[in-house]
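By my numbering, the letter at position 59 of the sequence shown is numbered 1222, and the numbering carries on one by one without gaps. We put the CB at the ideal spot given by N, CA and C, even for glycine.
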Amino acid sequence: MKGADLFLGLSVPGVIGVEDVQRMADQPIVFAMANPTPEILPEVAGPHVAVMATGRSDYTNQINNVLCFPGMFRGALACRASTINEEMKLAAAHAIAGTIRADELAAEYIIPSVFDRRVAEAVARDVEEAAYRTGVARRERTGDHIKIADSAI
């Protein structure tokens, strides 16, 4: 980890310590995703990192796949997509990231909350658009708008 800008943990609890984080580059980013106990706890790593994220809801910056649902399915179903392809997954990721405005962005708020109502709508819209763009949508567009559920966007 010496000199690393980012640690992305997808392993086991407690696998790194404060010494490991201190050996990283200045202002490192740590995504300790082991759940329910991360590779390093935020209160241990926090003083030594620029950004800290885990998969846990009791810490800021919870990274959780629930953010893409129900928007992923809503967008795919709205256009009757034959599959969920990589472009649709990337569209969902970009929609999630784009939900946070520049004036909201902070080290403790790099990803929206799972309770942010803007996320599902943004994901649905962008996933549906990606399905049309990549040819997996099996439903025709309705005019200039993409119809999602009972509302036109």
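- By the neighbour-count criterion, in which a residue is buried when 16 or more other Cβ atoms sit within 10 angstroms of its Cβ, V1282 is buried.
- Approximately 5 Å separates the beta-carbon atoms of A1258 and V1286; this is inside 8 Å, confirming the contact.
- For I1203, no alpha helix (DSSP H) run applies, since DSSP gives it neither H nor E.
- When the alpha-carbon of F1170 is set against those of V1193, D1183, R1186, I1203, the nearest one is in V1193.
- The beta carbons of A1188 and S1174 sit about 21 Å from each other, so the pair does not count as a contact at 8 Å.
- Distances from the alpha-carbon of T1297 to those of N1248, R1288, I1273 put N1248 closest.
- As DSSP reads the structure, Y1222 sits in no beta bridge.
- Residue state for G1166 is assigned as coil, using DSSP reduced to three classes.
- Secondary structure at G1298: coil, using DSSP grouped into helix, strand and coil.
- For M1215, DSSP records a beta bridge to V1193.
- T1262 counts as buried, since no fewer than 16 other beta carbons sit within 10 angstroms of its beta carbon.
- Judged by beta-carbon spacing, A1195 lies beyond the 9 Å limit of A1213, meaning their Cβ atoms are not closer than that value.
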